[in-house]
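Undergrad:
Chains as they are written, first to last, in the working numbering: chain A, 11 to 247; chain B, 11 to 247; chain C, 11 to 247; chain D, 11 to 247.
Below, the structure is given as structure tokens:
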């Protein structure tokens with residue numbers, strides 16, 4: 011049975027990983043889904059409700075500070091008195107595969123907006139809330155970040171995407187070191203599984219990722235994981 | 011209720027991590043504990059039995075190929091028809107902290123015997139058995155390796171210990187790439203938690219490690235983790 | 011004797027590393043120094059001229075695309091017919107050491123502007139020029155990037171600085187893979203030496219860095235280095 | 011003109027990298043070449059002598075402690091009063107590419123003998139000599155280690171080779187941290203260039219590696235490099 015006094019939030023709920031994480035965390039908490047368009051979360055909100063869970067979709071662009079602020083105001087009204095147990099930053103944008111000299115500066119900007127900048131805003135909103143939950147949340151309050159192979163390897167033609175993902179990982183490492191000792195578990199997952207879609211071969215991968223995210227959230231603070239890789243058994247690495 | 015048709019084996023069962031892993035896996039499988047001395051496993055075998063589990067202790071030095079072969083002969087007799095679901099290599103030895111010019115060659119040998127050489131023997135015995143379980147084991151057959159900070163960082167005065175741990179990690183990576191596509195999950199855990207003892211501050215850390223090992227074992231093959239770090243929230247890194 | 015048909019350019023010439031690199035490369039090429047303020051390069055331009063070298067200082071903020079474009083127009087006029095042999099991106103800005111919840115979004119922006127964004131502009135201007143020099147430059151045309159410990163480790167309280175430096179490294183890796191096969195040598199140096207100043211203990215470190223940058227530039231294309239660390243022998247790591 | 015009061019030693023002089031390093035260091039020092047068979051060094055000793063240099067070949071298996079001890083006794087007689095300026099460990103052996111379950115334990119042993127064990131003996135003999143040279147050698151006394159891609163990546167089917175190379179890197183890191191502050195420069199080079207032979211495509215790569223080794227040796231102690239990668243510009247990475 012889900013605790014109503016704590017909730018989870020997922021930014022970037024429109025992707026397969028975001029959807030799977032929402033379903034998994036909804037078994038324990040009301041979940042808030044942030045996405046740029048209602049189409050991205052409507053189905054999954056319905057699915058969670060039909061399974062007896064509680065889910066709220068909020069339209070917000072993770073790279074727009076004001077929209078994110080407004081989202082947290084909405085949460086206060088919709089879930090009065092509820093505290094934050096887990097926050098997942100799962101925003102993927104700014105993906106370009108092209109020769110460097112054909113890249114536009116806007117493409118780099120899009121990657122940096124979606125990764126370090128969007129996460130910065132999300133983390134500044136959620137970390138104070140997670141700190142407030144340290145004493146009484148059912149599991150250590152958690153901030154989980156979705157990374158990719160491009161978080162640790164700058165491949166040819168993927169420079170702008172990797173720039174954002176590397177920067178996101180830097181922030182995650184730094185926050186893990188600063189907030190871990192305060193009882194908030196910050197962890198970063200390197201997903202190595204090709205294109206992430208809600209259908210097709212990504213489906214079981216996403217369920218597997220969601221189970222690992224849940225495991226990260228439930229780790230006792232005597233045994234925190236900062237970084238984990240997740241890939242299908244057939245993926246070459 | 012534990013499945014009797016599959017068992018788990020833990021080499022290096024005498025340490026806190028080994029004991030905690032044995033207790034955790036015993037909730038699902040009969041467990042075989044390998045250690046150099048009966049004192050290392052007697053208590054834990056009793057504890058598991060009193061909890062309704064099934065545990066077998068076998069005296070064997072992981073660095074002695076004949077002793078390891080004999081251990082697997084014993085297992086065949088003690089658990090007839092049972093198949094291997096999970097194997098954990100948790101042997102720690104060869105730890106020396108001293109100036110390099112004071113190190114004896116025997117100290118390097120001890121580290122290499124306990125880490126890459128002992129693991130090599132263990133992996134050559136267990137991987138064929140794990141492959142046989144791919145089609146019907148309750149979770150993907152798993153080979154889990156206990157590493158340490160010294161697996162990824164060669165600190166001053168810890169050269170011989172790090173040499174063994176680096177080499178062990180190399181084998182783990184290689185086997186993950188070779189056996190993952192065949193359905194066997196090989197993973198390596200970097201434990202960053204200081205001295206590992208069954209008592210004192212290590213106690214909850216070890217339970218946390220054991221939970222994460224169990225999670226690794228239960229990961230669906232669509233979402234395997236090859237490497238994970240585990241440390242107490244207060245540990246500086 | 012310096013070749014006049016090829017020149018080198020250093021962005022971020024005001025720091026100790028930038029000055030030392032300018033002096034070293036001026037032994038072989040005319041050097042162009044970019045810095046935000048004339049005070050940052052006036053002395054070093056004079057010093058190079060007095061040693062019989064050729065140096066041009068241009069005021070330009072590396073994060074301002076128009077200013078960088080204007081700088082390259084100036085170079086065309088000042089060094090007509092001269093081709094680019096080496097480009098060094100040595101811009102350091104956006105350094106903040108503070109608790110994450112006290113960071114302003116502007117501080118993250120400053121780090122991203124100075125590191126990935128400024129480098130992106132610099133690389134898009136210099137790579138086409140470096141490609142033109144592949145067939146006839148005295149050494150493989152080179153793009154060298156100054157990194158820091160924060161390029162590979164996100165320490166507590168250094169998140170925004172590390173975000174920029176990680177992203178810069180991602181771009182460097184990606185460009186090395188894309189442009190190396192075309193004959194342009196892209197390399198990244200991790201400087202681990204504390205605060206970089208033109209005076210005091212940084213002085214000999216900077217000369218050493220400059221020698222290593224020159225070595226990177228002169229590496230034959232059969233033996234390119236992509237990444238190198240440089241630190242004083244007393245630095246703990 | 012070569013200094014006769016200091017010499018360099020290269021263990022594993024029979025490979026292309028060893029030969030190229032010998033020729034490069036012979037421009038500055040008498041060089042001692044260790045190899046298992048005289049055929050491995052006879053030509054190169056002649057070549058160095060014909061160029062006006064001084065070279066001594068000694069037959070010794072790097073994995074045989076007694077043979078290495080005897081080699082250093084020979085050096086004392088052949089180069090009386092000469093001090094050690096640079097030592098290069100370039101031994102490659104134990105290379106096997108095969109499925110793990112077909113590997114013999116002897117193949118792992120060969121890799122560990124050639125890499126960590128042979129280097130351990132070499133380092134214990136050379137580090138005391140290098141320490142004696144700190145005050146007066148022309149460049150910081152240096153211990154340089156030849157690694158490979160397998161030093162940082164455990165690929166499928168390369169487990170035993172990677173185990174040795176990982177362990178060698180661990181020792182190198184540890185010694186850099188211990189002996190750097192004492193003025194001895196320990197560095198590790200990751201060579202990413204396929205099969206290393208004295209002929210064919212490896213030829214220019216080896217000359218390039220030798221130049222980089224010489225640069226490492228001549229780095230001022232204010233700017234030591236611990237690790238460097240070296241690869242042909244066409245190599246995919």
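Each residue gets a CB set at the ideal place from its N, CA and C atoms; glycine is no exception.
Given the structure is predicted, the values throughout are model-derived calculations rather than measurements.
Opposite residue 239 of chain C in the DSSP bridges: which residues?
TA: Within the third chain, the letter at position 229 stands for residue 239 of chain C. Note: residue 239 of chain C sits in a beta bridge opposite C/200.
Undergrad: Between which two residues does the alpha helix (DSSP H) containing residue 21 of chain A stretch?
TA: Mapped onto the first chain, residue 21 of chain A falls at position 11. Here residue 21 of chain A belongs to no alpha helix (DSSP H); instead the beta strand (DSSP E) covers 16-21.
Undergrad: When Cβ atoms are compared, which residues of the stretch 20-36 of chain C fall closer than 7 Å to chain A?
TA: Those would be none; no residue qualifies.
Undergrad: Between which two residues does the beta strand (DSSP E) carrying residue 99 of chain A extend?
TA: In the first chain, counting from the first residue as 1, residue 99 of chain A sits at position 89. Taken as a continuous stretch (DSSP letters only), the beta strand (DSSP E) holding residue 99 of chain A covers 93-99.
Undergrad: Applying a beta-carbon distance threshold of less than 7 Å, which residues of chain B neighbour residue 169 of chain D?
TA: Taking the fourth chain and counting its residues from 1, the one referred to as residue 169 of chain D is at position 159. Going along chain B in sequence order, the residues near residue 169 of chain D (Cβ under 7 Å) are 180, 181, 184 and 185.
Undergrad: As a quick exercise: from C/68, C/86, C/102 and C/28, pick the residue whose alpha carbon is nearest that of residue 172 of chain C.
TA: For the purposes of this step, residue 172 of chain C is taken as the residue at position 162 of the third chain. Residue C/102 is the option with its Cα nearest to residue 172 of chain C.
Undergrad: Along the stretch 130-147 of chain A, where does the CB come closer than 8 Å to a CB of chain C? Name the residues.
TA: Residues passing the 8 Å Cβ filter: 130, 131, 133, 134, 137 and 138.
Undergrad: What do you get for residue 111 of chain A, buried or exposed, if any count of 16 or more other CB atoms within 10 angstroms of its CB means buried?
TA: Looking up residue 111 of chain A in the first chain gives position 101. Label assigned to residue 111 of chain A: exposed.
Undergrad: Could you name the residues of the stretch 235-247 of chain D whose beta carbon sits closer than 9 Å to any beta carbon of chain C, in the order they occur along the chain?
TA: For the stretch 235-247 of chain D, which is checked against every Cβ of chain C, the residues closer than 9 Å are 235, 236, 237, 238, 239, 240, 241, 242, 243, 244, 245, 246 and 247.
Undergrad: Is the number of C-beta pairs between the stretch 209-229 of chain A and the stretch 176-190 of chain A that are closer than 8 Å three or more?
TA: No, the stretch 209-229 of chain A does not touch the stretch 176-190 of chain A.
Undergrad: Roughly how many angstroms lie between the CA atoms of residue 166 of chain D and residue 95 of chain D, to the nearest whole one?
TA: Start at 1 with the first residue of the fourth chain, and residue 166 of chain D comes out as number 156. Start at 1 with the first residue of the fourth chain, and residue 95 of chain D comes out as number 85. Spanning the two alpha carbons is a distance of roughly 39 Å.
Undergrad: Please list, in chain order, the chain D residues whose beta carbon lies closer than 8 Å to that of residue 126 of chain B.
TA: If you number the second chain from 1, residue 126 of chain B lands on position 116. Those are 118, 122, 173 and 177, listed as they occur along chain D.
Undergrad: Residues of chain B with a CB under 9 Å from the CB of residue 82 of chain D: which are they?
TA: Along the fourth chain, read from residue 1 onward, the residue named residue 82 of chain D stands at position 72. Within chain B, no residue comes near residue 82 of chain D; the closest Cβ sits about 15 Å away, beyond 9 Å.
Undergrad: In chain A, which residues lie with their C-beta within 7 Å of the C-beta of residue 219 of chain B?
TA: On the second chain, position 209 is the one that residue 219 of chain B refers to. Here the neighbours are 233.
Undergrad: Taking residue 106 of chain A as the reference, give the member of A/139, A/146 and A/115 with the closest Cα.
TA: Position 96 of the first chain holds residue 106 of chain A. Checking every option, the nearest Cα to that of residue 106 of chain A belongs to A/115.
Undergrad: Where does residue 206 of chain D sit, in a helix, a strand or coil, going by DSSP?
TA: Along the fourth chain, read from residue 1 onward, the residue named residue 206 of chain D stands at position 196. With a pLDDT of 46 at residue 206 of chain D, under the threshold of 50, the predicted position of this residue should be treated as unreliable, though the coordinate-derived value follows. Residue 206 of chain D falls in the coil class under three-state DSSP.
Undergrad: In this structure, how does DSSP classify residue 166 of chain B when only helix, strand and coil are distinguished?
TA: Here the question's residue 166 of chain B lines up with position 156 in the second chain. Looking at residue 166 of chain B - three-state DSSP - the assignment turns out to be coil, as it is neither helix nor strand.
Undergrad: What is the rounded straight-line gap between the Cα of residue 39 of chain C and the Cα of residue 16 of chain C?
TA: Position 29 of the third chain, counted from the first residue, corresponds to residue 39 of chain C. Position 6 of the third chain, counted from the first residue, corresponds to residue 16 of chain C. Residue 39 of chain C and residue 16 of chain C: Cα-Cα distance of roughly 6 Å.
Undergrad: When you compare the CB positions of residue 223 of chain D and residue 154 of chain D, do they come within less than 7 Å of one another, or not?
TA: Translated into positions along the fourth chain, residue 223 of chain D becomes position 213. Translated into positions along the fourth chain, residue 154 of chain D becomes position 144. A contact, by the Cβ cut-off of 7 Å.
Undergrad: For residue 67 of chain C, report the span of its beta strand (DSSP E) as first-last.
TA: In the third chain, residue 67 of chain C corresponds to position 57, counting from 1. Run containing residue 67 of chain C: 65-69, per the beta strand (DSSP E) assignment.
Undergrad: For residue 43 of chain B versus residue 67 of chain B, is the C-beta distance shorter than 7 Å?
TA: Looking up residue 43 of chain B in the second chain gives position 33. Looking up residue 67 of chain B in the second chain gives position 57. Cβ atoms of residue 43 of chain B and residue 67 of chain B: closer than 7 Å.
Undergrad: Starting from residue 121 of chain A and walking both ways along the alpha helix (DSSP H), at which residues does that stretch end?
TA: What you label residue 121 of chain A is simply residue 111 of the first chain in a count that begins at 1. Note, residue 121 of chain A: alpha helix (DSSP H), 115-122.
Undergrad: Please classify residue 90 of chain D as buried or exposed, where buried requires at least 16 other C-beta atoms within 10 Å of its C-beta.
TA: To locate residue 90 of chain D, count along the fourth chain from 1; it is residue 80. Classification for residue 90 of chain D: exposed.
Undergrad: When the cut-off is 7 Å and only beta carbons count, does residue 166 of chain A lie next to chain C?
TA: For the purposes of this step, residue 166 of chain A is identified with residue 156 of the first chain, where counting begins at 1. It does; some Cβ of chain C falls within 7 Å.
Undergrad: Return the residue from the list A/220, A/189 and A/57 that minimises the CA-CA distance to residue 244 of chain B.
TA: Position 234 of the second chain holds residue 244 of chain B. Of the listed residues, the one whose Cα sits closest to residue 244 of chain B is A/189.
Undergrad: According to the neighbour-count rule (16 or more other Cβ atoms, all chains shown, within 10 Å of its Cβ), is residue 239 of chain B buried or exposed?
TA: To locate residue 239 of chain B, count along the second chain from 1; it is residue 229. Residue 239 of chain B comes out buried.
Undergrad: Please name the residue or residues paired with residue 157 of chain B in a DSSP beta bridge.
TA: Mapped onto the second chain, residue 157 of chain B falls at position 147. According to DSSP, which records beta bridges pairwise, residue 157 of chain B is partnered with B/200.
Undergrad: What is the DSSP secondary structure of residue 195 of chain C, counted as helix, strand or coil?
TA: For this step, residue 195 of chain C is matched to residue 185 along the third chain. The answer is strand: DSSP assigns residue 195 of chain C an E or B state.
Undergrad: Under a three-way DSSP split, which group does residue 106 of chain D fall into?
TA: As a working mapping, residue 106 of chain D is identified with position 96 in the fourth chain. Residue state, collapsed to three classes: coil.
Undergrad: What are the partner residues of residue 152 of chain A, as DSSP defines its beta bridges?
TA: For the purposes of this step, residue 152 of chain A is identified with residue 142 of the first chain, where counting begins at 1. Bridge partners of residue 152 of chain A: A/96 and A/195.
Undergrad: Can you look up residue 41 of chain D in the DSSP assignment and give me helix, strand or coil?
TA: On the fourth chain, position 31 is the one that residue 41 of chain D refers to. DSSP places residue 41 of chain D in strand when its eight states are reduced to three.
Undergrad: With burial defined as no fewer than 16 other Cβ atoms inside 10 Å of the residue's Cβ, what is the status of residue 127 of chain B: buried or exposed?
TA: The residue labelled residue 127 of chain B in the question sits at position 117 within the second chain. Classification for residue 127 of chain B: buried.
Undergrad: Once DSSP output is grouped into helix, strand and coil, what is the label at residue 130 of chain B?
TA: Taking the second chain and counting its residues from 1, one reaches residue 130 of chain B at position 120. Correct three-state label for residue 130 of chain B: helix.
Undergrad: When the cut-off is 7 Å and only beta carbons count, does residue 113 of chain B lie next to chain A?
TA: Numbered from its first residue, the second chain carries residue 113 of chain B at position 103. Residue 113 of chain B does not count as touching chain A.
Undergrad: Given a threshold of 16 other Cβ atoms within 10 Å of its Cβ, counted over all protein chains shown, does residue 135 of chain B qualify as buried or as exposed?
TA: As a position in the second chain, residue 135 of chain B is number 125, starting the count at 1. Residue 135 of chain B should be labelled buried.
Undergrad: I'd like to confirm the pairing. Which residues does DSSP put opposite residue 234 of chain D in its beta bridges?
TA: Taking the fourth chain and counting its residues from 1, the one referred to as residue 234 of chain D is at position 224. Answer by DSSP bridge pairing, in chain order: C/241.
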